[in-house]
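I have placed the structure first, in the form of structure tokens, so that the comments after it can refer back to it.
Number of protein chains: 2
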Amino acid sequence: MSLKHALLGLLAEGPASGYELTKRFELSLANVWSAKHSQIYPELRKMAAEGWLVAGEEGSRGRKEYVITDDGRAELRRWLVEVRPERAGRNESMLRVFFLWTLDPAEAVAYLEREAAAAHAYVERLTALDALVAWDESGADFMGRLALEEGLLIAQVQAEWAEWAAEQIRSGRDATTLTGRRRRPPTKRQR
Amino acid sequence: MSLKHALLGLLAEGPASGYELTKRFELSLANVWSAKHSQIYPELRKMAAEGWLVAGEEGSRGRKEYVITDDGRAELRRWLVEVRPERAGRNESMLRVFFLWTLDPAEAVAYLEREAAAAHAYVERLTALDALVAWDESGADFMGRLALEEGLLIAQVQAEWAEWAAEQIRSGRDATTLTGRRRRPPTKRQR
DNA sequence: GTAAACATGTAACAAGTTACATGATTGT
DNA sequence: ACAATCATGTAACTTGTTACATGTTTAC
Chain A
352 MSLKHALLGL
362 LAEGPASGYE
372 LTKRFELSLA
382 NVWSAKHSQI
392 YPELRKMAAE
402 GWLVAGEEGS
412 RGRKEYVITD
422 DGRAELRRWL
432 VEVRPERAGR
442 NESMLRVFFL
452 WTLDPAEAVA
462 YLEREAAAAH
472 AYVERLTALD
482 ALVAWDESGA
492 DFMGRLALEE
502 GLLIAQVQAE
512 WAEWAAEQIR
522 SGRDATTLTG
532 RRRRPPTKRQ
542 R
Chain B
352 MSLKHALLGL
362 LAEGPASGYE
372 LTKRFELSLA
382 NVWSAKHSQI
392 YPELRKMAAE
402 GWLVAGEEGS
412 RGRKEYVITD
422 DGRAELRRWL
432 VEVRPERAGR
442 NESMLRVFFL
452 WTLDPAEAVA
462 YLEREAAAAH
472 AYVERLTALD
482 ALVAWDESGA
492 DFMGRLALEE
502 GLLIAQVQAE
512 WAEWAAEQIR
522 SGRDATTLTG
532 RRRRPPTKRQ
542 R
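Protein chains in written order, with the numbering used here: chain A, 352 to 542; chain B, 352 to 542.
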């Protein structure tokens with residue numbers, strides 16, 4: 352249900368073609384939502400049929416540009432202020448943690464260390480992105496920076512948590528089973 | 352694709368019925384994965400057909416218990432150690448942030464404050480859960496506590512971030528042109 | 001007896017992915 | 001001329017949700 356609203360949100364910045372919107376999902380939105388062109392193109396037509404968009408002239412190479420309508424803006428606003436966000440997300444990485452006990456401790460540690468490395472790599476990707484993007488003073492870019500900051504914070508705690516968890520397993524095991532006492536994870540981050 | 356493996360992971364702890372597995376998704380796993388009984392029952396039959404599970408005797412009220420097989424355990428292990436986790440998740444709350452610039456600053460602040468409140472409430476739910484659960488010294492409970500800590504840390508930074516972001520908007524209102532530029536003309540995108 | 005919880009299932013639909021398929025324009 | 005990129009689309013399939021449908025056991 353969110354795809355429609357993600358598209359409305361992107362089109363609120365300005366008219367765009369399905370191709371451009373697909374790129375936006377791959378680039379700026381990749382971390383929070385994803386959609387393939389095969390889903391986007393039919394969706395745009397449905398949204399136009401609902402009156403949320405209008406299709407402009409066909410450009411070169413068959414390019415079709417969509418423009419958000421007032422109804423579309425109203426629907427975006429309604430979604431943002433009235434519809435309660437669906438907070439129960441799926442997180443495969445976190446799901447796996449529940450089942451790490453079925454592995455040998457060394458394998459579980461290896462898994463967590465890969466997770467920590469992935470989180471660190473993600474922090475670096477976001478940091479590079481922040482430096483790369485020519486942020487302007489628009490509201491969209493202002494919010495983009497806030498969102499980037501959120502992603503950065505979460506990736507940082509994930510890395511710290513994974514390292515801490517690996518250490519818990521390393522120090523809290525006997526020969527073959529994962530049993531042991533609990534320690535608090537790091538609670539302070541520094542930026 | 353992860354549903355099969357989530358079910359394998361739960362059944363690795365011991366035999367269970369579809370009904371019990373449904374409850375496990377609602378309770379302990381709700382935060383990281385979800386599945387309804389209408390998806391679970393057919394899935395269990397497919398998994399049994401693949402040889403990952405065997406269906407035991409029918410109990411009272413038509414209860415059907417499934418037991419994981421060695422093939423099932425091998426598949427769970429293969430998934431954990433060999434299959435690269437899908438890290439690109441969907442996060443509706445974070446998606447919305449990208450579009451907050453379309454709202455009035457006061458509405459955006461209200462949204463973020465609701466997010467902060469939700470994150471705080473979630474921290475409390477997890478803390479209560481931690482106190483409530485009769486953790487034993489099993490590997491599954493050891494990992495359950497690690498996973499809970501991860502959820503707690505992430506919820507805490509989300510709350511902190513949302514409060515910080517709300518403050519950014521409140522104080523940056525005049526400086527950052529969040530107002531007045533909401534309907535800026537289409538500019539070049541694509542980087 | 002009756003409500004709640006236990007217990008399983010199917011059908012219709014919506015959302016999302018992968019694979020197939022085509023053609024135009026730009027840069028080298 | 002060739003490759004890369006732009007640009008759109010459809011078909012088949014998988015995954016996930018909502019709604020419908022049914023019967024049993026336990027506790028009050």
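Even for Gly, the Cβ is constructed at its ideal location relative to N, Cα and C.
Need the endpoints of the alpha helix (DSSP H) that residue i sits in, please.
i	result
Glu518/B	490-523
Gly407/A	That residue, Gly407/A, is in no alpha helix (DSSP H); its beta strand (DSSP E) goes 404-409.
Arg396/A	388-400
Val484/B	Looking at the DSSP string, Val484/B is not in any alpha helix (DSSP H), and its letter there is neither H nor E.
Met445/B	443-448
Ala363/B	353-363
Thr373/B	369-377
Establish whether the CB of residue i and some CB of chain B are separated by less than 9 Å.
i	result
Val460/A	no
Gly410/A	no
Trp403/A	no
Ile505/A	yes
Gln519/A	yes
Thr453/A	yes
Gln509/A	yes
Arg428/A	yes
Leu431/A	yes
Starting from residue i and walking both ways along the beta strand (DSSP E), at which residues does that stretch end?
i	result
Glu426/A	Segment 421-433 is the alpha helix (DSSP H) holding Glu426/A; no beta strand (DSSP E) there.
Quick check on residue i - is its C-beta less than 9 Å from some C-beta in chain A?
i	result
Met445/B	yes
Ala468/B	no
Glu424/B	Checking the sequence, you will find Arg at residue 424/B rather than Glu. Interface residue, yes.
Trp512/B	yes
Pro366/B	no
Val448/B	yes
Leu529/B	Residue placement at Leu529/B is flagged as unreliable, the pLDDT there being 38, under the threshold of 50; the coordinate-derived value follows with that caveat. Leu529/B counts as touching chain A.
Met494/B	yes
His471/B	no
Ala516/B	yes
Glu475/B	no
Look at the alpha carbon of residue i and the alpha carbon of residue j, and state the distance between them as a whole number of angstroms.
i	j	result
Leu451/B	Glu466/A	31 Å
His388/B	Ile520/A	34 Å
Glu464/B	Glu511/B	10 Å
Arg396/B	Ile419/B	12 Å
Glu394/A	Asp487/B	49 Å
Val432/B	Leu497/A	35 Å
Trp384/A	Gly402/B	35 Å
Met398/B	Phe493/A	48 Å
Arg375/A	Ala381/A	8 Å
Taking buried to mean at least 16 other C-beta atoms within 10 Å of its own C-beta, is residue i buried or exposed?
i	result
Glu409/A	exposed
Gln541/A	The predicted position of Gln541/A is uncertain, since its pLDDT is 49 and thus under 50; a value taken from the coordinates is nonetheless stated next. That one is exposed.
Ser353/A	buried
Glu475/A	exposed
Arg414/A	exposed
Ser522/B	exposed
Leu483/B	exposed
With a threshold of 6 Å on Cβ separation, who are the neighbours of residue i within its own chain once the five nearest residues in sequence on each side are excluded?
i	result
Glu514/A	Ala467
Leu386/A	Correcting the residue type first, residue 386/A is Ala in the shown sequence and not Leu. So the qualifying residues of the chain are Leu354, Phe376.
Ordered along the chain, which non-local residues of its own chain (more than five positions away) have a Cβ less than 8 Å from that of residue i?
i	result
Leu499/A	Leu477, Leu480, Asp481
Val405/A	Ala399, Tyr417, Val418, Thr420
Please return the same chain residues whose Cβ sits closer than 7 Å to the Cβ of residue i, not counting the five positions on each side in sequence.
i	result
Tyr546/A	Chain A is shown only over 352 to 542; residue 546/A falls outside these bounds and no answer can be derived.
Glu426/B	Leu359, Trp403
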